[in-house]
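Numbering (this note's numbering), first residue to last: 816 to 1165.
Heads up, the beta-carbon is just placed ideally off N, CA and C, and yes, glycines get one too.
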Amino acid sequence: MKKTVSSLLAVSALGAGMMASPAFAEDLSVVGSWSSLPLNKQFETPFWTEELPAASNGEINVQMTTHDQMGIGGGDVFRILNDGVFDVGMTVADYAVGDAPELEGLDVPLVANTAEEAKAMVEAARPMVEDIFKDRFNAKVLAIAPYPPQVVFCKGDVTSLEDLKGKKVRGSGRMTTKFLEALGANGVNVAFSEVPGALERGVIDCAVTGAGSGYSAGWWEVSDHLMTIPLGGWDPVVTAMNFDKWNSLSPEMQKLITDEVNSKFEAPAWAAAADALEADIACLTGNGTCPAGDPASMTLVEASDADLAKAKEILTTVVLPEWAERAGADWVTRWNETVGKTVGVTVPLS
């Protein structure tokens, strides 16, 4: 309760800071994703605080913070957005699947190995995601941007997927955790910010996140093996606006925001993702040039053909059928007809 109250007070303060803005300005309170990670630093914050206000010629005034700076859990962002406490929220879609299990279909692991494939999957899923956000969170989807491919950080020797059996592994989302459990690992729920401490204390043996995110957050300081099999998909971050706020905007303002988000936020974020994995691996292992800073020296473990075959077998025979039960036949049928056709996977319906 204390965290909720303090979070709401922080949002109130965010809104109060807008009172000094010009009378003609459209005020937006914006809550971004993890403040320490490249997506927020390189794309979210510059777009909302600089590029969009400039493109509007001063007609849009933005006050921005992030959910972690406010003490809001990632799973609470869209619930609070639903209530209209702030106008725009963004966080990892997987954080919201407790409220919307059908949303798990946006980020299926192991079916998109490149940024181009991941973008195609997101575009196929977008109409479905838009309907989910409208129905579940009273929110208008503005953008879906990627984190880097989700890989596995381990403390201790691993040489193949089989070595994860019996280990305590933090998954990056529900579907990833279900996959790990089907593999024979013990899926453990640990918040992103708590992973380094959990690895250091032996609470977990391995953890899944984006390679670049793990580098930025210093996971390499408490782990030594990096397995690049994309067990966690791409962890898309959804940016959404409260629908009541959206509907209060003029058509001209809606078009401006939509056009600017597409061209100056979403498209650059996807473009950066195209070459991100190679650079991130270089930063984590020292194999190549690290553009982000001093490289670490993790041991690189590349997935074998046998690993990939085993992983996809588990995905199609165990993980996706279990998701079908949680999401319901209507959503799964819709997924099969859109995302499934794009990635060449069909979820069986009982």
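For the stretch 983-1012, the continuous alpha helix (DSSP H) assignments of 4+ residues that do not extend past its boundaries occur at 989-998, in sequence order. DSSP places residue 954 within a strand segment (E or B) once states are collapsed to three. Counting the other Cβ atoms within 10 Å of the Cβ of residue 891 gives 16 or more, which makes it buried.
Annotation: residue 1151 is outside any beta strand (DSSP E) and is labelled neither H nor E by DSSP. By the neighbour-count definition (other C-beta atoms within 10 Å, threshold 16), residue 1073 is an exposed residue. In this structure, the straight-line span from the alpha carbon of residue 960 to that of residue 888 is close to 19 angstroms. Taken through DSSP and simplified to helix, strand or coil, residue 1102 comes out as coil. In the structure shown, residue 905 falls within a strand segment according to DSSP collapsed to helix, strand and coil.
The count of Cβ pairs closer than 8 angstroms, one atom from the stretch 1020-1035 and one from the stretch 851-863, reaches three, so the stretches are in contact. Beta-bridge partners assigned by DSSP to residue 844: 878. Bounds of the beta strand (DSSP E) holding residue 1022 are 1021-1025. Residue 1050 and residue 1065 have their C-alpha atoms roughly 32 angstroms apart.
Going by beta carbons, residue 908 and residue 1053 fall inside the 8 angstroms limit. Taking all protein chains in view, the Cβ of residue 965 is crowded by 16 or more other Cβ atoms within 10 Å, so the residue is classified as buried. In the three-state scheme derived from DSSP, where H, G and I count as helix and E and B as strand, residue 1055 is classed as strand.
The stretch 1101-1115 and the stretch 1034-1042 touch, with three or more beta-carbon pairs separated by less than 8 angstroms. Boundaries of the beta strand (DSSP E) harbouring residue 1042: 1040-1042, taken from the DSSP string. Assigned with DSSP and collapsed to three states, residue 959 falls in strand. The closest CA to that of residue 1156, considering only 937, 883, 867, is found on 937. Straight-line measurement puts the Cα of residue 991 at about 28 angstroms from the Cα of residue 1110.
Residue 1057 is positioned such that its CB atom lies closer than 8 angstroms to that of residue 896. For residue 1115, the enclosing beta strand (DSSP E) starts and ends at 1114-1116.
A distance below 7 angstroms between beta-carbons, with the five flanking residues on each side excluded, links residue 969 to the following residues of its chain, in chain order: 1020, 1021, 1038, 1040, 1042. Under the three-state reduction of DSSP, residue 900 is assigned to coil, being neither helix nor strand.
Within the same chain, Cβ atoms closer than 7 angstroms to the Cβ of residue 1104 are found at 1097, the five residues on either side in sequence being excluded. The stretch 919-931 makes contact with the stretch 1120-1138, as at least three CB pairs between them are under 8 angstroms. Taking 8 angstroms as the cut-off, the Cβ atoms of residue 973 and residue 1003 do not count as close. Contact between the stretch 976-983 and the stretch 1073-1092 is not established, with fewer than three Cβ pairs separated by less than 8 angstroms. Ranking 1163, 944, 840 by CA distance to the CA of residue 1140 puts 1163 first. Rounded to the nearest whole angstrom, the CA to CA distance from residue 875 to residue 841 is 5 angstroms. In the displayed model, residue 973 falls within coil according to three-state DSSP, outside both helix and strand. Partner residues in a beta bridge of residue 884, as assigned by DSSP, do not exist. For residue 1085, the enclosing alpha helix (DSSP H) begins and ends at 1082-1088. The straight-line gap separating the alpha-carbon atoms of residue 1121 and residue 998 is approximately 14 angstroms.
Residue 857 and residue 941 have their alpha carbons spaced roughly 23 angstroms apart.
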